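Inspection log for the structure reproduced underneath, given as structure tokens.
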């Protein structure tokens, strides 16, 4: 459909004419025009992929336009001095990506890399073929174009721990200005707070889900001794801010690259699949990249640096394809080793137990009929208002410590309301990749009851995984060994068990008892041998029905040379290879306590500033 709206002709002129006909056609035109404002390409830099030629030279080449790469590309190009190329394997985001409530519908599409985990005997046992899905954004904006839009920075201790590991610049006090540098808060209840930035490009909004279940959950947390706040706190319950503006997703590329879209020195190339980094083997200096674009394999050169921002899966894959990685693994698959580093190791992820479903026997949420859903979309298209532009209960967050009174949480609790006959629930279950027999146990409950799902997220996993190449083919998806629940002491599974017990205490509080909340006994055949609600029963459930909450990090670990596991130094330069940096979530030494989009944007800001500082210094020395 063309989005330059022209006047429509009435399909039934004999029945509709005059004033009523004009009003009707004006309404249709208005709806079409509103729809065409979603998924717009002109809010991004133009795609120059057809104009790029073999041997072209740029100052900087950035691989990836996600949460970090978009920031890096924007910051390096904003002064107009440097010619910056941003390479993106995907295309511009769809209109679906712009609509917050449709986020689950993006998984498994062309906007998703559609990664899958290697089957294991320790986790994902209740998923089809023993595989957990790992959606990552293959689209301009990367995973910020398909995620849940939550903006959570994490805990002070996360960053101070990085500093103690030898990355002095990355303490909490040092990174906080780089969070605020991006932020533009628009939340009436936080106008007196100095916790967030006000002058950045990234819009942060607040949404309050006006339903009794939210109040009951907050009261339940408070009953158990946790503080209720209107902003992010280390421990307690709060409504998180979101990267949504006027009901529309604000992905990183739209926000940061889009700000420089008219600058001639910022070049975006879509549909560009980078095969490897070109490295001079004698000098160990990055020269550029080899990339497939428009059906041809060409070489593009960087006079200053190549910056890899392809994410915790893509960045280690690209480094290993380029000869930077574990010597034994690279030699085994036939890649010449340029630098022996522990690339792909130290994989961490937030493991989520996703099947604590609670029916609400006295919750009178009105069931939305299909025709009423059309009304909701009308409200959204016309006014960008209503539930379509929001994410229901999802931004209500609980951060708790199941072990002690420390201010450092070990569990994050997210909630998803499933009204009776929820039209969204089948899509959510499809994303989880549950076996059919498990889905067939959950869906009938929802046909009869309103439900709320407690998503229990392990914040500081002890288990570590790894990413390996499947082959030397850059189009072969890498092997993702999650390592879920493989820690020697078994602490990860026990912490999630404690989280289940905490959720049960919430359900038993007076606020939720008034709704007659009751945790469901979902039939998982392999766990039937255990007594319902026994520790053994829940441990079995955890191994079967825990999955990724889509926060992989750590595969290009930041650390000093003395750290044998480190891939980059504290200025994000690859150890032993010059003119090459990694700037994204893969550099995290340890995972942060919360959703990783906000920290990744911060990493982009700090990484870009380090690059600018380095070249400003070199310029001044000339």
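In my numbering, the protein residues as written are 87 to 708.
Built from N, CA and C at the ideal position, the CB exists for glycine as well.
All values reported here derive from a predicted model rather than from experimental measurement.
query: If you follow the alpha helix (DSSP H) that residue 399 is part of, which residue opens it and which one closes it?; result: 397-407
query: In the DSSP assignment, find the beta strand (DSSP E) that holds residue 307 and state where it starts and stops.; result: Careful: residue 307 lies outside any beta strand (DSSP E), inside the alpha helix (DSSP H) at 298-309.
query: Taking the C-alpha atoms as reference points, what is the distance between residue 88 and residue 557?; result: Low local confidence applies: a pLDDT of 40 at residue 88 is under 50, so the model's placement there is unreliable, with the coordinate-based value given in what follows. Straight-line Cα distance between these residues: approximately 43 Å.
query: Taking the beta strand (DSSP E) that residue 289 falls in, what are its first and last residues?; result: 288-291
query: Name, in chain order, the residues that DSSP records as bridge partners for residue 500.; result: 483 and 541
query: Rounded to the nearest angstrom, what separates residue 601 and residue 627 at their Cα positions?; result: 25 Å
query: Just to confirm before moving on: does the CB-CB distance between residue 264 and residue 644 stay below 8 Å?; result: no
query: List, from N- to C-terminal side, the alpha helix (DSSP H) runs of 4 residues or more that fit wholly inside the stretch 250-295.; result: 258-268
query: Out of 231, 328 and 478, which one is the CA nearest neighbour of residue 727?; result: Not covered by the structure: residue 727. The range shown for the chain is 87 to 708.
query: Less than 8 Å between the C-beta atoms of residue 150 and residue 252, yes or no?; result: no
query: Runs of 3 residues minimum, wholly inside the stretch 331-409: which ones carry the beta strand (DSSP E) assignment?; result: 352-355, 359-366, 371-379 and 382-394
query: Take the Cβ of residue 435 as the centre, count every other Cβ of all protein chains shown within 10 Å, and call the residue buried at 16 or more, exposed below.; result: buried
query: How many angstroms separate the CA atom of residue 94 from the CA atom of residue 316?; result: Low local confidence applies: a pLDDT of 49 at residue 94 is under 50, so the model's placement there is unreliable, with the coordinate-based value given in what follows. If I take the Cα positions, the gap works out to 47 Å.
query: Going along the chain, which residues of its own chain have a beta-carbon closer than 8 Å to the beta-carbon of residue 465, five neighbours each way excluded?; result: 471, 472 and 474
query: For residue 142, which residues in the same chain have their Cβ closer than 6 Å to its Cβ, ignoring the five residues on either side in sequence?; result: 386
query: Going along the chain, which residues of its own chain have a beta-carbon closer than 8 Å to the beta-carbon of residue 609, five neighbours each way excluded?; result: 523, 524 and 527
query: For residue 612, tell me which candidate among 118, 213 and 138 has the shortest Cα-Cα distance.; result: 213
query: Would you give the residue range spanned by the beta strand (DSSP E) that residue 796 belongs to?; result: Residue 796 lies beyond the stretch modelled for the chain, which goes from 87 to 708, so this question has no answer here.
query: Would you tell me roughly how many angstroms separate the C-alpha atoms of residue 80 and residue 632, rounded to the nearest one?; result: Nothing about residue 80 can be read from this structure; the chain reaches only from 87 to 708.
query: Based on Cα-Cα distance, which residue from 262, 293 and 287 lies nearest to residue 280?; result: 262
query: Going by CA-CA distance only, name the one from 161, 153, 564 and 506 that's closest to residue 199.; result: 564
query: By alpha-carbon positions, which one of 517, 531, 581 and 260 ends up nearest to residue 548?; result: 581
query: Can you find the residues in the same chain that come closer than 6 Å, C-beta to C-beta, to residue 439, ignoring five residues on each side of it along the sequence?; result: 542, 582, 628 and 632
query: Within 8 Å, do at least three Cβ pairs link the stretch 395-410 to the stretch 151-168?; result: yes
query: Excluding sequence positions up to five away, which residues of its chain have a Cβ less than 7 Å from the Cβ of residue 593?; result: 444, 603 and 605
query: Buried or exposed: where does residue 224 fall if 16 or more other Cβ atoms within 10 Å of its Cβ makes it buried?; result: buried
query: Shortest alpha-carbon distance to residue 131 belongs to which of 109, 179, 380 and 590?; result: 179
query: With 16 as the cutoff for other CB atoms within 10 Å, does residue 498 come out buried or exposed?; result: buried
query: Compute the distance between the beta-carbons of residue 388 and residue 146, then report whether it is under 8 Å.; result: yes
query: For residue 165, count neighbouring Cβ atoms within 10 angstroms of its own Cβ and tell me buried if that reaches 16, exposed if not.; result: exposed
query: Label residue 113 either buried or exposed according to how many other C-beta atoms from any shown protein chain fall within 10 Å of its C-beta, with 16 as the threshold for buried.; result: exposed
query: Using the Cα positions of residue 384 and residue 173, report the straight-line distance between them to the nearest angstrom.; result: 13 Å
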